[in-house]
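What follows is a single structure, written as structure tokens, with notes after it.
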Amino acid sequence: MEAAVVLTDEGGLEGLSLVDLAQRLGVRKPSLYNHVAGIGDLRRELALVGIRELGRRLSRAAVGKAGDDGLFALAEAYRAFVKERPGLYEATVRSYRLSDPGDPELGAAEEETLGTVLAVLASCGVRGEEESIHAARGLRSIAHGFATLEEAGGFGISLDPDQSFRNLVRAFAEGLRQFGERGS
Numbered sequence: 001m002e003a004a005v006v007l008t009d010e011g012g013l014e015g016l017s018l019v020d021l022a023q024r025l026g027v028r029k030p031s032l033y034n035h036v037a038g039i040g041d042l043r044r045e046l047a048l049v050g051i052r053e054l055g056r057r058l059s060r061a062a063v064g065k066a067g068d069d070g071l072f073a074l075a076e077a078y079r080a081f082v083k084e085r086p087g088l089y090e091a092t093v094r095s096y097r098l099s100d101p102g103d104p105e106l107g108a109a110e111e112e113t114l115g116t117v118l119a120v121l122a123s124c125g126v127r128g129e130e131e132s133i134h135a136a137r138g139l140r141s142i143a144h145g146f147a148t149l150e151e152a153g154g155f156g157i158s159l160d161p162d163q164s165f166r167n168l169v170r171a172f173a174e175g176l177r178q179f180g181e182r183g184s
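Note that the UniProt record's numbering has the sequence shown beginning at 1, numbered continuously upward.
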């Protein structure tokens, strides 16, 4: 699987082929079918690897942190994952299209990752399942949007993108506080 991860990070999820993977491994393509059912199965496995790695990174980043510190740690860990593992990240984003809704492995990995995010959001005062999901979506959108624009070279102005990211996460944290004070 590691060879597939490397190929995906080098050329993107759409650029991954069983032929390229077989060449990288020094085997014939038919040999791969002993391990994966086809390209769809390989992409599903990559999504699972990616979701689990992202979950571990978020969990490690959040250990011992709460409130704004936890929020910043999650956002930075997410951003770093996008930068360091672009193809694998792409597989995680597309996992909802690749998976069967009844896929227990993907579901469990996604739930575990979400659990880390929800715990940090609870430490920020976010209450209730519905509000927590809205806040998790907001945080993910901020981290995803910023990191993907950054990776695409979308920040050409000579201001520090790290400061821009901190400002964005700080504004989100303040918004959570204001939203909590108003009560939905």
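Every residue, glycine too, gets a C-beta built ideally from N, C-alpha and C.
Handout entry: Contained alpha helix (DSSP H) runs [length at least 4] in the segment 27-104, N- to C-terminal order
Key = Runs found: 29-32, 39-62, 67-84, 86-93, 95-98.
Margin query: When you compare the CB positions of L121 and S132, do they come within less than 8 angstroms of one another, or not?
Written below: As a position in the sequence shown, residue 121 is number 121, starting the count at 1. As a position in the sequence shown, residue 132 is number 132, starting the count at 1. S132 is positioned such that its CB atom lies closer than 8 angstroms to that of L121.
**Prompt:** Out of curiosity, what's the CA-to-CA distance linking R57 and A77?
**Reply:** By 1-based counting over the sequence shown, the position of residue 57 is 57. By 1-based counting over the sequence shown, the position of residue 77 is 77. Roughly 6 angstroms between the two C-alpha positions.
Quiz item: Just reading off the alpha helix (DSSP H) that D160 is part of, what are its end residues?
Solution: Walking along the sequence shown from the start, residue 160 turns up at place 160. That residue, D160, is in no alpha helix (DSSP H); it is neither H nor E in DSSP.
Please tell me whether L13 and A91 are closer than 8 angstroms, where the distance is taken between their beta carbons. Against the sequence shown, residue 13 aligns to sequence position 13. Against the sequence shown, residue 91 aligns to sequence position 91. Yes, the pair counts as a contact, with Cβ atoms nearer than the cut-off.
Mind checking whether S95 and L106 have CB atoms under 8 angstroms apart? As a first step, residue 95 must be located in the sequence shown, where it is residue number 95. As a first step, residue 106 must be located in the sequence shown, where it is residue number 106. Yes.
**Item:** Buried or exposed (CB count within 10 angstroms, at least 16 for buried), G50
**Value:** For the purposes of this step, residue 50 is taken as residue 50 along the sequence shown, with counting starting at 1. Under this definition G50 is a buried residue.
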